[in-house]
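Residue numbers (my numbering), protein chains in the order written: chain A, 1 to 304; chain B, 1001 to 1334. Worksheet: one structure, shown below.
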């Protein structure tokens, strides 16, 4: 069992109206998910670490304008992209996160630098960008992140037409969880947050225990959905404590937290992988862009 | 003490409290003013008296809210606001300074009956960050607002901003200078005092738990660094189902371990007593990873814990059973 490895990814959960997602667009989404899933899997297959696998997968989703993270992120009420990301290494519970950054091309990489090169876990705003420069990560103009579709989406939202952050291209967010052949678990999450959000609003993604968590021997979790509910429920860590303290299966634990979130009034989804490399992908919304691949031959991409 | 019951009846009900559902709910408040190197040998009698007075003022003001039937949320807000205004503690005025010489403040509050929560991080001009955290909880659909966006929200809600200089004190400027020198010398800062942070947890007559934490973080911290205090689950957590916790210590360790929530999960799922859960998390889990600090915690029955693995922690507790303690050293009553 120790040579088992697996990765699961998500590209956001929410209302995915079939009408808004034409056949052609659906193909694009599937391709984007495949690229990220397979690139992450290749890292694991080559004996690489779960940390590298989730970084690789999330970076690809950040670069893909279809997903709400990095290039093509949802825009704040003043039209800017404001990005959050976190990464966690289940080995020693090391973690790094950034929030409210406006000029960092790949927030997940900056989160990883925070984990590896600073004595901190969470850096926000201008201070996080200062750290990026100290680490020689080039900054990009905020315009880099803006796509025509996200501008259109923001305008529609501001006119009062409720639109989904998922399509165009809902509640967005991308994430990955992996277990490598050495048994190490890792999780990463990256997001632009909600369309038309208040500047400075931080959701669950960069909050360790809320949107992102990994602990070796227990599980790795990345969440997507209505962030405020995931923060109050400490959702990702709830899943891990349910597995560790109560002996629930990962799938039971994930279902339970989704029920708790629904009772509070919050929807979304979670991907997770347990110590035996079994991926779980569950959601309480219409759909969740997702994919999973493992060493036993499972390879799955799904939306609805 | 105003009380809706006749004194004789109260005595009877208090005696029977654990078994008697109709008994008036116990009330309790526990506060902290930071954990760290707090040792008798490093404290002058005058400094000690001043810390005790500051803790007593916050404790009694918060307790008075509970005693007159107020909510746990109002009690923790009151106690924390007073410690924010007291320049001896690392929160609000007198907060430690970041690398650039500015106070950069974080705070969170959580209502265990919701769960509802609000938090702010990296604000530079908000006199009482705990009040802004409460506004985020009560007046916004969000939980966490950071930086300029949080201050914009403050202005939109009529909160008066103060200049950065309001927060600076001579003592903190001196500490920053020392920390910078120590950094330049690549040496660990010697004789660092409390790692600061203030917090409170309360149980009100209706049985609701609440927790609040406020801090200036670490001296000489990187611009934008956010610790555990404003992160729900890490430094602050409250649920009527399990417990309320406020932490103080090496924030990064608290974040990674989701420490406050972990204590409550051990109470809820492993059925540990509050004291056992706090002991396991502070003296086993946190200790094992090399982190230092402490927590204060309360459960729905009014059991309290104040524990730390640092040499000391500024703390105080008061309840309706007549307990009232103020402590700071390791050998004071926990």
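Note that the Cβ used here is the ideal one computed from N, Cα and C, for glycine as well.
To the nearest angstrom, how far is it from the Cα of residue i to the Cα of residue j?
| i | j | result |
| --- | --- | --- |
| residue 235 (chain A) | residue 209 (chain A) | 7 Å |
| residue 1134 (chain B) | residue 1202 (chain B) | 15 Å |
| residue 21 (chain A) | residue 15 (chain A) | 11 Å |
| residue 275 (chain A) | residue 189 (chain A) | 19 Å |
| residue 1149 (chain B) | residue 296 (chain A) | 47 Å |
| residue 1028 (chain B) | residue 142 (chain A) | 49 Å |
| residue 1153 (chain B) | residue 1070 (chain B) | 27 Å |
| residue 132 (chain A) | residue 217 (chain A) | 32 Å |
| residue 979 (chain B) | residue 116 (chain A) | This structure gives no information on residue 979 (chain B), because the portion of chain B shown stretches from 1001 to 1334. |
| residue 1021 (chain B) | residue 261 (chain A) | Residue placement at residue 1021 (chain B) is flagged as unreliable, the pLDDT there being 48, under the threshold of 50; a coordinate-derived value is accordingly withheld. |
| residue 1109 (chain B) | residue 1204 (chain B) | 15 Å |
| residue 1233 (chain B) | residue 24 (chain A) | 42 Å |
| residue 200 (chain A) | residue 1118 (chain B) | 13 Å |
| residue 207 (chain A) | residue 283 (chain A) | 20 Å |
| residue 1329 (chain B) | residue 1158 (chain B) | 41 Å |
| residue 1033 (chain B) | residue 1200 (chain B) | 9 Å |
| residue 242 (chain A) | residue 1046 (chain B) | 49 Å |
Any idea what DSSP makes of residue i, helix, strand or coil?
| i | result |
| --- | --- |
| residue 221 (chain A) | strand |
| residue 291 (chain A) | strand |
| residue 1078 (chain B) | helix |
| residue 1401 (chain B) | It is not possible to answer for residue 1401 (chain B), since the shown part of chain B is limited to 1001 through 1334. |
| residue 270 (chain A) | strand |
| residue 28 (chain A) | helix |
| residue 234 (chain A) | coil |
| residue 262 (chain A) | helix |
| residue 1068 (chain B) | coil |
| residue 7 (chain A) | strand |
| residue 279 (chain A) | strand |
| residue 1307 (chain B) | strand |
| residue 53 (chain A) | helix |
| residue 48 (chain A) | coil |
| residue 1053 (chain B) | helix |
| residue 376 (chain A) | Since the first and last residues shown for chain A are 1 and 304, residue 376 (chain A) lies out of range. |
| residue 1330 (chain B) | coil |
| residue 1293 (chain B) | strand |
| residue 1323 (chain B) | coil |
| residue 38 (chain A) | helix |
| residue 301 (chain A) | strand |
| residue 1025 (chain B) | coil |
| residue 189 (chain A) | strand |
| residue 1171 (chain B) | helix |
Near residue i, which residues of its chain fall below 7 Å by C-beta distance, leaving aside the five closest residues on each side in sequence?
| i | result |
| --- | --- |
| residue 56 (chain A) | 39, 40 and 43 |
| residue 120 (chain A) | 114 |
| residue 1307 (chain B) | 1278, 1279, 1282, 1294, 1295 and 1334 |
| residue 1176 (chain B) | 1097, 1101, 1219 and 1220 |
| residue 1180 (chain B) | 1220 |
| residue 1292 (chain B) | 1249, 1250, 1309 and 1310 |
| residue 1264 (chain B) | 1237, 1239, 1242, 1243 and 1245 |
| residue 1113 (chain B) | 1208 and 1240 |
Using a Cβ-Cβ cut-off of 6 Å (strictly less than) and excluding sequence neighbours within five positions of residue i, which residues of its own chain qualify?
| i | result |
| --- | --- |
| residue 30 (chain A) | 301 |
| residue 266 (chain A) | 226 and 229 |
| residue 290 (chain A) | 10, 281 and 302 |
| residue 51 (chain A) | 89 and 186 |
| residue 169 (chain A) | Since pLDDT at residue 169 (chain A) reaches only 44, below the 50 mark, its modelled position is unreliable, and the value read off the structure follows with that caveat. Contacts found: 66 and 149. |
| residue 214 (chain A) | 88, 90, 185, 186, 187 and 220 |
Grab me the residues of residue i's own chain with a C-beta within less than 8 Å of its C-beta, minus the 5 sequence neighbours each way, in chain order.
| i | result |
| --- | --- |
| residue 1191 (chain B) | The predicted model places residue 1191 (chain B) with a pLDDT of 41, which falls under 50 and marks its position as unreliable; any figure quoted below should be read in that light. These residues qualify, in order along the chain: 1037 and 1042. |
| residue 129 (chain A) | 101, 102, 103, 104 and 139 |
Do residue i and the ligand COA come close, with the Cβ less than 7 Å from some heavy atom?
| i | result |
| --- | --- |
| residue 1225 (chain B) | Annotation note on the ligand COA: not contained in the displayed structure, which lists no ligands. |
Quiz item: If you scan the stretch 1211 to 1270 of chain B from start to end, which runs of the beta strand (DSSP E) of 3 or more residues do you find wholly inside it?
Solution: Taking only runs of at least 3 residues, the beta strand (DSSP E) segments lying wholly in the stretch 1211 to 1270 of chain B are 1236 to 1238 and 1244 to 1249.
Quiz item: Okay, do the stretch 219 to 232 of chain A and the stretch 262 to 279 of chain A touch, 3+ Cβ pairs below 8 Å being the bar?
Solution: Taking 8 Å as the limit for Cβ pairs, the verdict is that the stretch 262 to 279 of chain A does touch the stretch 219 to 232 of chain A.
Practice problem: Please determine if the stretch 106 to 123 of chain A and the stretch 87 to 97 of chain A are in contact, where contact requires at least 3 C-beta pairs separated by less than 8 Å. | Solution: The stretch 106 to 123 of chain A and the stretch 87 to 97 of chain A touch, with no fewer than 3 CB-CB distances between them shorter than 8 Å.
Quiz item: Should the stretch 1120 to 1127 of chain B be regarded as contacting the stretch 1243 to 1254 of chain B, the criterion being three or more beta carbon pairs within less than 8 Å?
Solution: Touching, no, given that fewer than three Cβ pairs across the two stretches are closer than 8 Å.
Practice problem: Answer yes if the stretch 1257 to 1265 of chain B comes into contact with the stretch 142 to 162 of chain A, meaning at least three C-beta pairs across the two stretches below 8 Å, and no otherwise. | Solution: The stretch 1257 to 1265 of chain B and the stretch 142 to 162 of chain A do not touch, with fewer than three beta-carbon pairs separated by less than 8 Å.
Quiz item: Which full runs of the alpha helix (DSSP H) of 4+ residues lie inside the stretch 102 to 184 of chain A, going along the chain?
Solution: Runs found: 107 to 117, 125 to 134 and 148 to 159.
Quiz prompt | the stretch 1308 to 1325 of chain B in contact with the stretch 1041 to 1056 of chain B per 3-pair CB rule at 8 Å | solution = Yes: at least three Cβ pairs fall under 8 Å.
Quiz item: Whole beta strand (DSSP E) runs in the stretch 1082 to 1159 of chain B with 3 or more residues, listed along the chain?
Solution: Taking only runs of at least 3 residues, the beta strand (DSSP E) segments lying wholly in the stretch 1082 to 1159 of chain B are 1105 to 1111, 1116 to 1123 and 1144 to 1146.
Practice problem: Check whether the stretch 80 to 88 of chain A touches the stretch 193 to 200 of chain A, counting contact only when three or more Cβ pairs, one atom from each stretch, lie closer than 8 Å. | Solution: Of all C-beta pairs linking the stretch 80 to 88 of chain A to the stretch 193 to 200 of chain A, three or more are shorter than 8 Å, placing the two stretches in contact.
Quiz item: How do the stretch 1167 to 1184 of chain B and the stretch 1094 to 1114 of chain B stand: do at least 3 beta-carbon pairs fall below 8 Å, yes or no?
Solution: Enough Cβ pairs lie closer than 8 Å, so yes.
Practice problem: Indicate whether the contact test is met: 3 or more Cβ pairs, each with one atom in the stretch 1220 to 1230 of chain B and one in the stretch 63 to 78 of chain A, closer than 8 Å. | Solution: No, the stretch 1220 to 1230 of chain B does not touch the stretch 63 to 78 of chain A.
Self-check item: Whole beta strand (DSSP E) elements within the stretch 60 to 106 of chain A, 3-residue minimum
Solution: The stretch 60 to 106 of chain A contains these whole beta strand (DSSP E) runs: 83 to 89 and 94 to 101.
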